Structures are given as C-alpha cells and as structure tokens.
Amino acid sequence: MENLSLFRSGKISLLYLGMPGGGKLHSGRVWLLLIILGNMALFGSCKRQKPLFTELSPERTGIHFENRITDSDTMNILDYLYYYNGGGVALGDVNGDGLPDIFVTSNKGGNHLYLNEGNFRFKDITAESGVNVPADWTTGCTMADVNGDGRMDIYVCTVGGYKGLESANELLINLGNDKNGIPHFRDEAAKYGLDHVGFGTQAVFFDYDHDGDLDMFLLNHSVRSVDNFGDTSLRRKNSMRSGDRLYRNDNGHFVDVTKQAGIYSSAIGYGLGVTVADFNNDGWDDIYVSNDFQENDYYYINNHDGTFTECNYKAFSHESRSSMGSDAADMNNDGWLDLITMDMLPENEKVLKSSESDDDLDMFDYKLTFGYNYQYERNCLQLNTFGGRHFSDIALMAGVAASDWSWSPLMADFNNDGYKDLFISTGIMRRPNDLDYIHYIANEKIKQVLNNSRMIDQEVIAMMPSGKVHNYIFSGSDSLKFTDQSAAWGFGKATLSNGAAYADLNNDGDLDLVVNNVNAPLSIYRNNARQINHNHYLKVMCRGSGKNTFGIGTKVLISIHGQLQYNYVQTTRGFLSSSDPTLLFGLGKNKEIDSLEVIWPDMKSQLLTHIAADQAGTAGKGHCQLPIAYNEPG
Numbered sequence: 005m006e007n008l009s010l011f012r013s014g015k016i017s018l019l020y021l022g023m024p025g026g027g028k029l030h031s032g033r034v035w036l037l038l039i040i041l042g043n044m045a046l047f048g049s050c051k052r053q054k055p056l057f058t059e060l061s062p063e064r065t066g067i068h069f070e071n072r073i074t075d076s077d078t079m080n081i082l083d084y085l086y087y088y089n090g091g092g093v094a095l096g097d098v099n100g101d102g103l104p105d106i107f108v109t110s111n112k113g114g115n116h117l118y119l120n121e122g123n124f125r126f127k128d129i130t131a132e133s134g135v136n137v138p139a140d141w142t143t144g145c146t147m148a149d150v151n152g153d154g155r156m157d158i159y160v161c162t163v164g165g166y167k168g169l170e171s172a173n174e175l176l177i178n179l180g181n182d183k184n185g186i187p188h189f190r191d192e193a194a195k196y197g198l199d200h201v202g203f204g205t206q207a208v209f210f211d212y213d214h215d216g217d218l219d220m221f222l223l224n225h226s227v228r229s230v231d232n233f234g235d236t237s238l239r240r241k242n243s244m245r246s247g248d249r250l251y252r253n254d255n256g257h258f259v260d261v262t263k264q265a266g267i268y269s270s271a272i273g274y275g276l277g278v279t280v281a282d283f284n285n286d287g288w289d290d291i292y293v294s295n296d297f298q299e300n301d302y303y304y305i306n307n308h309d310g311t312f313t314e315c316n317y318k319a320f321s322h323e324s325r326s327s328m329g330s331d332a333a334d335m336n337n338d339g340w341l342d343l344i345t346m347d348m349l350p351e352n353e354k355v356l357k358s359s360e361s362d363d364d365l366d367m368f369d370y371k372l373t374f375g376y377n378y379q380y381e382r383n384c385l386q387l388n389t390f391g392g393r394h395f396s397d398i399a400l401m402a403g404v405a406a407s408d409w410s411w412s413p414l415m416a417d418f419n420n421d422g423y424k425d426l427f428i429s430t431g432i433m434r435r436p437n438d439l440d441y442i443h444y445i446a447n448e449k450i451k452q453v454l455n456n457s458r459m460i461d462q463e464v465i466a467m468m469p470s471g472k473v474h475n476y477i478f479s480g481s482d483s484l485k486f487t488d489q490s491a492a493w494g495f496g497k498a499t500l501s502n503g504a505a506y507a508d509l510n511n512d513g514d515l516d517l518v519v520n521n522v523n524a525p526l527s528i529y530r531n532n533a534r535q536i537n538h539n540h541y542l543k544v545m546c547r548g549s550g551k552n553t554f555g556i557g558t559k560v561l562i563s564i565h566g567q568l569q570y571n572y573v574q575t576t577r578g579f580l581s582s583s584d585p586t587l588l589f590g591l592g593k594n595k596e597i598d599s600l601e602v603i604w605p606d607m608k609s610q611l612l613t614h615i616a617a618d619q620a621g622t623a624g625k626g627h628c629q630l631p632i633a634y635n636e637p638g
C-alpha cells in the first residue's frame with residue numbers, strides 16, 4: 005500500500021519499484037501492470053479544473069430572450085446585406101441599486117430590459133419600464149447619462165427608410181424609479197434632436213468639445229447602390245441615411261455639426277464599429293470608425309477647436325479589409341491605447357479554402373490607385389508605437405489574426421492577472437462569401453431569375469452554408485503573445501453571436517459577459533476567476549461634475565512595483581453594444597496598489613497611494629474615496 009500511495013503522489017521513479025517482501029521486479033507483465041495501475045492512480049487523482057466562464061441557463065437567470073431571425077419572401081439577406089448582423093447589449097445600473105442591469109435589442113422583436121436582483125437572477129421589466137418602443141428593425145444600443153441628471157439613459161439605433169423598414173432612432177430617457185424600484189423610460193429622441201432616420205449601427209457619447217456635457221457620434225452603415233462605387237472622392241458626397249453624424253450638445257438639444265467638424269458622411273462608409281478614445285494622450289478624445297468593404301477606416305484626431313482631422317493613411321500602414329467591431333485598450337501596459345478591428349479570416353482550413361478571401365492582385369492594385377489604403381482580410385491588432393501618430397499591426401505575431409466571422413472584440417482583464425485578455429464574438433447565420441454559393445449565383449440563368457422573381461429566394465439562400473463557430477477568448481501576457489483559451493475557458497460551443505458586453509454582474513470582483521445570439525437564448529457567462537485563481541482586483545467608479553455624471557473620458561492609472569495599468573471610461577465598445585462604465589483592474593497576487601491616478605477630461609488629476617486590494621471605490625470630481633463601497637466575494 006505504501007508503494008501505491010507513492011504512485012498516487014507521483015513521487016516514485018518508474019525504473020524501480022519495491023515489491024511486497026522487499027522483492028524486485030522480475031516479470032514484464034507485472035511491470036506493465038504496475039505502470040498502468042500507477043498511471044491510472046496518478047491521473048485519476050487529478051481533478052478537472054473548472055472553466056473560467058460558466059454559461060448560465062435561462063432557468064437559472066430568469067432571462068428568456070432570443071433574437072429570432074428568419075429569411076422570408078418579404079425580407080431576407082438578398083434584400084438587406086446586413087440582415088444577419090444581429091442585435092446589441094448594453095450593461096449598466098439603471099435603477100441605482102449598485103448592480104448592473106441588462107438591456108438587449110432584437111432586430112425584429114424590439115427592446116428588452118432585465119433588472120438585476122443579485123446572484124445572477126434577473127427580472128423582466130420590459131413592459132412596465134416603457135423601453136419597448138415600436139421599431140421595424142433595431143440594431144445597436146448604448147447606455148449613457150445623456151441629460152446629466154445622474155441616471156442612465158439608453159440610446160437605440162434602428163433602420164428606417166429602406167425596403168419597407170420604417171423606424172427612427174430612440175432616446176429612452178430614464179425618468180427614475182417608481183415606488184416598487186422599477187425605472188421608467190420615455191422616448192424623447194425628437195425632443196433632443198436625435199431621432200435620426202436611416203441605417204443606424206451604433207452611437208457613442210463623449211465630450212468632444214470639453215464643455216462639460218455629452219455630445220454624440222452616430223455611426224451609420226450603407227447598402228449596395230451606385231453611390232458606393234468609385235474612388236475616394238465619393239466620401240465627400242453627403243448621404244442623409246448612410247452617412248455618419250456628429251451631434252454637439254447645446255444645452256440639452258443636439259445640433260448636427262458633421263460637416264463643419266470635418267466628419268465624412270457619405271454612402272461609401274459601411275460603418276460597423278466605432279471606438280472613441282484619447283489615442284495621442286493630449287487630453288481630447290479621438291474617433292476611430294471601422295468600415296466594411298472597400299472604404300478605408302476613419303481615424304479622426306481631435307483638434308481641440310471643435311474639428312477633427314482624418315489621418316488614417318498616415319497612421320496605419322494597413323488595416324482590416326472588412327472591418328467590423330473594434331475596441332481600444334492598453335494591451336502592453338505602456339500608457340498608450342492600442343486598437344483592434346475584426347474581420348473574417350477563418351482559422352479552420354476547410355472554411356478558409358472554400359471562402360472568398362483577399363482581393364486578387366489586379367483588384368488590390370486597382371483599389372490603391374483609387375486612393376484606398378492597404379487592406380487585408382484578418383483581424384488587426386494595432387499597437388500604438390508613436391504617440392497615436394503611427395500604429396503597427398501585430399495580430400499575426402500575437403496569434404489573434406484569425407477568428408473566423410468576427411463581430412465584437414472586448415479587451416479586458418478577465419482572469420485578473422494584470423494583463424488584458426481578448427474576447428471575440430463570432431458566427432454568421434449563413435456565409436454569403438462561400439465560393440460554391442458565389443459560383444451558383446454567377447450563373448446567367450440564375451441571375452435572370454433573381455432579377456425577375458422572388459420565387460427562387462429560398463433556394464438561393466439555402467446554397468449558403470451555416471457559419472456557426474465558437475466564440476474566441478485569448479489570454480494576454482507580458483510579451484504581447486496571446487493564448488487561445490476558448491475551449492479551456494468555457495467557449496467551445498458553436499454559436500451565432502453578435503453584440504457583447506462585460507460587467508461585474510454579481511459584484512464579486514471579476515468581469516462577467518453577456519452575449520446576444522441569433523436564434524438562441526441570450527448567453528450570460530459567469531466569471532469564476534475569483535474562485536479559481538484567487539487573484540486580487542480593484543474597482544473604480546468615476547463620478548464627474550456637471551452633466552458628465554459618469555465621468556466619460558476619465559483615465560485611471562495604477563502602479564504596482566513599477567508596473568503600470570491604464571483603463572479609461574467609455575461605455576460603447578465592441579459591436580452594437582456598451583459595457584458598464586465601472587473600471588476593473590486585475591492585480592494578480594498583489595494585495596496593495598502603490599499609486600492610483602485619476603485624470604479627468606479637463607486634465608485635472610488626483611493621486612492616491614497605498615491602496616488595499618479587493619475593494620470598490622468611487623472617484624468623484626474634487627475627491628477620490630476608497631473604499632466607498634465594499635463587496636466581499638461570495
């Protein structure tokens with residue numbers, strides 16, 4: 005028995021085993037048997053580690069929501085090329101109880117709001133809260149305190165004025181809680197001047213002119229038309245429905261200042277992602293727009309005078325060909341924000357070889373002569389290498405270039421080790437870039453039928469293969485090399501995922517994920533990091549003065565033994581979605597932070613030193629208080 009216990013402990017050499025009575029091995033069969041028994045004992049004693057994330061069932065959370073999409077004779081992907089792009093997620097505390105709530109959009113099923121009751125239980129308050137404003141097609145959603153009254157409002161983008169879809173964007177103003185603690189909302193988009201009718205994708209609120217209130221950049225997308233084809237001079241031709249918009253907040257009414265601010269607003273821009281951040285660290289927020297198809301992405305530098313200068317071609321040597329969602333974060337802890345954009349490069353070789361990919365050389369060169377930048381079909385992780393004036397794509401080196409049909413990237417520290425990780429939502433209902441499908445519709449007879457009848461729609465659509473693929477998550481490191489942890493961390497299941505957002509839903513000190521899927525229940529992933537690795541954390545909630553009550557644009561930097569971490573407050577991230585504005589820092593095994601600096605949008609700063617880990621605090625304009633609230637992990 006002593007020898008068997010040594011086997012279990014793994015401490016004994018397989019070269020020699022003492023036998024009962026002190027005898028030595030003399031039989032090959034006995035030797036083989038003991039090796040097998042030893043290995044069984046050794047491996048049997050190893051417990052399977054709990055994944056970092058656990059997907060919770062609708063029965064567990066109380067959320068029974070699905071974004072249902074079906075191809076019909078009246079509307080399908082042949083009519084609307086972004087028919088499969090899915091819906092968004094917005095996370096934030098709408099009733100002021102300290103728990104982030106969940107707002108989701110369904111393309112054809114409207115808006116839904118779920119109140120967080122704690123311990124991953126949610127209450128459907130869609131009907132009584134008044135959020136489900138009628139719309140024919142909804143897309144992205146954003147939480148922000150638009151009117152500066154201290155309560156989270158919700159902005160919803162829609163599609164209107166196209167193929168029978170008639171909707172206007174919605175601004176759901178939070179009117180406060182009733183006697184039962186239920187928040188109520190009213191659509192006041194028209195009152196505020198934000199009831200845009202067009203091809204809405206996503207909105208982002210930020211104070212671009214430093215006057216103390218929140219302005220808004222509206223990202224729109226385009227559809228195929230004759231206005232989309234030509235050289236880059238087309239980007240100067242205004243499109244009311246497809247063009248992006250910049251709105252300045254003038255005492256509670258939003259004024260369209262797109263043209264005078266230097267923002268492109270044409271049908272050539274297929275806007276699928278927008279990221280607002282201070283890339284050059286001058287204290288003023290800049291704008292990055294990721295565009296699908298041939299148009300360049302737009303990189304707008306804030307000129308501090310109400311205008312922007314677009315300088316994509318100068319700052320980026322190349323970019324994603326079909327840029328979709330985007331996000332910004334300091335990936336190498338050097339104090340400068342880096343950028344990631346999504347594309348459609350498959351990791352699976354079979355899918356790769358059966359899909360249309362990069363342009364052939366003639367088309368590639370042709371686009372360059374038309375003024376477009378170098379574009380390649382892959383994710384681009386753009387490292388900020390020269391003060392926001394130049395970026396270097398390291399996605400191939402970092403191991404994150406290929407994640408198939410990708411939508412929402414979220415860069416955050418999900419395992420609390422002090423380095424940013426990367427989550428990517430993926431999947432499309434059907435692959436319109438499949439080579440067999442493209443060959444099929446290129447047939448002259450099929451084209452004639454398509455032009456004259458809808459009877460063949462379903463047959464044509466059926467030729468597109470399914471694009472289900474698992475979501476990706478990569479763990480970060482101090483070397484800018486990422487490790488694919490998708491299966492190990494709980495994302496091995498193939499899905500059709502689109503909008504995604506993060507928040508600490510149960511206030512235990514790690515970031516949970518909420519993902520909006522097509523034709524499947526909303527995914528809520530509980531983060532188990534605090535129970536698995538026991539890494540420490542710090543949460544900071546910024547409370548600004550004036551109308552910017554949640555401190556949008558505020559930067560927070562911490563230092564531990566000379567190691568820097570940098571996060572900034574902005575809700576709009578990824579694709580069609582917005583995350584909770586509370587900042588979370590993973591501290592690894594460190595129990596104390598040497599220093600914490602808060603830099604407000606007006607460049608005033610505050611410094612705290614020697615801060616204990618595992619607490620949540622509020623940084624308010626004129627003071628920083630830690631802790632103001634303490635949540636012991638359950």
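With the first letter of the sequence shown counted as 1, position 85 gets the number 89 in this note's numbering; the numbers rise by one all the way through. Backbone N, C-alpha and C fix where the C-beta goes; we use that ideal spot for every residue, glycine too. Just so we're clear, the structure is a prediction, and the values are computed from it rather than from any experiment.
For the 8 angstroms CB-CB criterion, His214 and Asp606 form a contact. When C-alpha distances from Gly256 are compared across Asp286, Glu360, Val150, the shortest belongs to Val150.
Taking 8 angstroms as the cut-off, the Cβ atoms of Tyr302 and Ala319 do not count as close. The beta carbon of Arg228 sits closer than 7 angstroms to those of Leu85, all from its chain and outside the five residues before and after it, given in chain order. CA-CA distance, Ser481 to Ala281, rounds to 23 angstroms. At the C-beta level, Thr345 and Ser359 stay beyond 8 angstroms of one another. With a minimum length of 4 residues, the unbroken runs of alpha helix (DSSP H) contained wholly in the region 415-488 fall at 439-445, 448-456, 461-466. In the structure shown, Asp369 adopts helical secondary structure according to DSSP, grouped into three states. Gly185 sits exposed, since fewer than 16 C-beta atoms from the chains shown fall within 10 Å of its C-beta. Pro187 is classed as buried because its beta carbon has at least 16 other beta carbons within 10 Å across all chains shown. By the C-beta criterion, the region 250-266 is judged to be in contact with the region 208-226, since at least 3 inter-stretch pairs fall below 8 angstroms. In the three-state reduction of the DSSP assignment, Met607 falls in the coil class.
DSSP places Met346 outside both helix and strand once states are collapsed to three, so it counts as coil. Nearest in C-alpha terms to Asn178, of all of Gly204, Met147, Tyr166, is Met147. Between Asp369 and Ser326, the CB-CB gap reaches or exceeds 8 angstroms. In this chain, Leu387 is not harboured by any alpha helix (DSSP H); it is covered by the beta strand (DSSP E) spanning 384-388. Beta-bridge pairing by DSSP links Thr162 to Thr142.
Setting aside the 5 residues that flank it on each side, Val519 is surrounded in the same chain by Ser429, Ser501, Ala504, Ser527, each with a C-beta closer than 6 angstroms to its C-beta; the list follows chain order.
Ranked by Cα distance from Asp157, the first of Asn552, Ala139, Asn437, Tyr541 is Asn552.
If you draw a straight line from the Cα of Asp101 to the Cα of Leu356, it comes to about 48 angstroms. For His565, the number of other beta carbons within 10 angstroms of its own is below 16, and it is reported as exposed. Look at the region 238-286 and you find these whole runs of beta strand (DSSP E), each 3 residues long or longer: 249-254, 257-260, 274-281. Contact annotation: the region 419-437 touches the region 479-496, with at least three C-beta pairs closer than 8 angstroms.
Leu169 sits away from Ile465, with the two beta carbons spaced by 8 angstroms or more. Annotated three-state conformation of Met156 is coil, per DSSP. Counting along the chain, the unbroken beta strand (DSSP E) around Pro187 starts and ends at 187-191.
When rounded, the separation of the alpha-carbon atoms in Leu198 and Leu175 is 7 angstroms. In the DSSP assignment, Ile528 is bridged to Leu60, Val518.
Around Gly496, the same chain offers His474, Ser490 as residues with beta carbons nearer than 8 angstroms, after the five sequence neighbours per side are excluded.
Listed in chain order, the non-local C-beta contacts of Gln264 below 8 angstroms within the same chain comprise Gly310, Thr311, local neighbours out to five positions each way being set aside.
Where Leu82 is concerned, there is no enclosing beta strand (DSSP E), because DSSP gives it neither an H nor an E. For Tyr317, the enclosing alpha helix (DSSP H) starts and ends at 316-319. In the three-state DSSP reduction, Ser226 falls in the coil class, being neither helix nor strand. Relative to Arg547, the option among Leu385, Phe203, Tyr572 whose CA is nearest is Tyr572. The alpha helix (DSSP H) runs of length 4 or more contained entirely in the region 561-597 do not exist; there are none. When Gly165, Ser321, Ile267 are compared, the shortest CA-CA separation from Arg245 is found for Gly165.
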